[in-house]
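So the structure is just underneath, and the comments pick up after that.
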Amino acid sequence: MIHLRRDPDGKPARSIEALERSILRRVGRAIKDYNMIEDGDRVLVAISGGKDSWTLLHVLRLLQRRAPVRFDLFAVNIDQGYPGFRADLIEAYLKREGYEYYIVHNPTYRIVQEKLEPGTTACALCSRLRRGTLYRLAKELKATKIALGHHADDLMVTFLLSVFFRGEIRTMPPILLSDDGQNVVIRPLCYVFEDEIRQYVPHTGAPVVPCASPYCEDETALRFQMKALLDELERRYPRLKNSLLAALGKVNLTHLMDRRFLPLCAAAPNAEEGRAVLAAGAVLEDMDVRDG
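Heads up, the sequence shown is in the numbering used here, so the first residue is -18 and it goes up one at a time.
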């Protein structure tokens, strides 16, 4: 991974053009590494109005113009009915820039309020409701892929949450077939760091519309705390994020404690299953974590 070098005053040491080239190169590599986009694909880009989804849409359009394969691109924003959400700004930009787009009004805000249990966060429920709507729209609009704006930091934070609080080694996969086998979800920004996106998005001219949920950026939420921990570790140990991201793609199954993948545990339960998985090279089959 490429670390964004900085001047002593904290500003990026490279130009926005160099940053764009770097992001384009890594998104292109991610698409190739995980076979995310194929010739003839119709890609639905989920637009929340935040910096990540705008960057994804902008970069995919740039790649569309020079890619060796032909694919269609269109944007979908789901207005979940949170008071103060500026879907009008999103629509105005998409229209001005000539994108095929759909603004879908799906007021799930009240459902979240009704179903939210004390001591839990709304983000997980909100995400599931939004994902269900995306899957339905993908079928209606004949999308072959659903592109989400999760970046490298999101993958690492999800990994930390899974290890520390679920007792599992897993994260968001770069490409995922939904449980019903009908939708393929891709994350082309999986090699791009959040600080790079933050520096790049003003270059797109897109209006960054903040999440209108009253639960957004809750500092007591575990995801928020893990993000802060990761950022603090990166400040103390530069390039730690690079190393952690690389580790997610280099899994040495025989040096962990899962008996399915330990050759000397031949008599252990599920050992045969483990050997089959290893033989097939399906390292990522168990990593179908849902974000949120």
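No residue lacks a Cβ here, since even glycine has one placed at the ideal position from N, Cα and C.
**Q.** Cβ-based burial, ILE178 [other Cβ within 10 Å; buried from 16]
**A.** Looking up residue 178 in the sequence shown gives position 197. Classification of ILE178: buried, given that the 10 Å Cβ count is 16 or more.
Q) Are VAL40 and VAL8 closer than 8 Å when you measure CB to CB? A) Position 59 of the sequence shown, counting from 1, holds the residue named residue 40. Position 27 of the sequence shown, counting from 1, holds the residue named residue 8. Contact: yes.
(Q) If we require 3 or more residues per run, which beta strand (DSSP E) segments fall completely within the stretch -3 to 38? (A) DSSP runs (the beta strand (DSSP E)) wholly in the stretch -3 to 38: 23 to 27.
Q. Could you check where the alpha helix (DSSP H) with VAL144 kicks off and where it finishes?
A. Position 163 of the sequence shown, counted from the first residue, corresponds to residue 144. In this chain, VAL144 is not harboured by any alpha helix (DSSP H), its DSSP state being neither H nor E.
Q: Rank GLY162, CYS246, PHE52 and ARG42 by C-alpha distance to the C-alpha of GLY21 and give the top, closest one.
A: Stepping through the sequence shown from its first residue, residue 21 is reached at position 40. Ranking GLY162, CYS246, PHE52 and ARG42 by CA distance to the CA of GLY21 puts PHE52 first.
Q.
Can you look up TYR83 in the DSSP assignment and give me helix, strand or coil?
A. Indexing the sequence shown from 1 puts residue 83 at position 102. Correct three-state label for TYR83: strand.
Q) Where does ASP134 fall in DSSP's three states? A) Taking the first residue of the sequence shown as position 1, residue 134 is located at position 153. Three-state result, ASP134: helix.
Q: Note down, in chain order, each residue of its chain lying with its Cβ closer than 6 Å to the Cβ of LYS126, except the 5 sequence neighbours on either side.
A: Counting from 1 along the sequence shown, the entry for residue 126 is found at position 145. The beta carbon of LYS126 sits closer than 6 Å to the beta carbons of ASP22, VAL24, VAL165 and ILE167 from its chain, once the five residues preceding and following it are set aside; these are given in chain order.
Q | Range of the contiguous beta strand (DSSP E) that encloses ALA128 | A | Reading the sequence shown from its first residue, position 147 is the one you call residue 128. Looking at the DSSP string, the run of the beta strand (DSSP E) that includes ALA128 is 126 to 128.
Q) Nearest-angstrom Cα distance between SER(-4) and ASP176? A) Counted from its first residue, the sequence shown places residue -4 at position 15. Counted from its first residue, the sequence shown places residue 176 at position 195. Between SER(-4) and ASP176, the C-alpha separation is close to 14 Å.
**Q.** C-alpha distance - LEU43 paired with TRP35, whole-angstrom precision
**A.** Taking the first residue of the sequence shown as position 1, residue 43 is located at position 62. Taking the first residue of the sequence shown as position 1, residue 35 is located at position 54. Their Cα atoms are separated by approximately 13 Å.
Q. Using CA coordinates, which residue listed in LEU0, LEU245, ARG204 and LEU221 is at the minimum distance from LEU282?
A. No answer is possible for residue 282: the residues shown for the chain start at -18 and end at 273.
Q. Taking buried to mean at least 16 other C-beta atoms within 10 Å of its own C-beta, is GLN61 buried or exposed?
A. Here residue 61 refers to the residue found at position 80 of the sequence shown. GLN61 is buried by the Cβ-count criterion.
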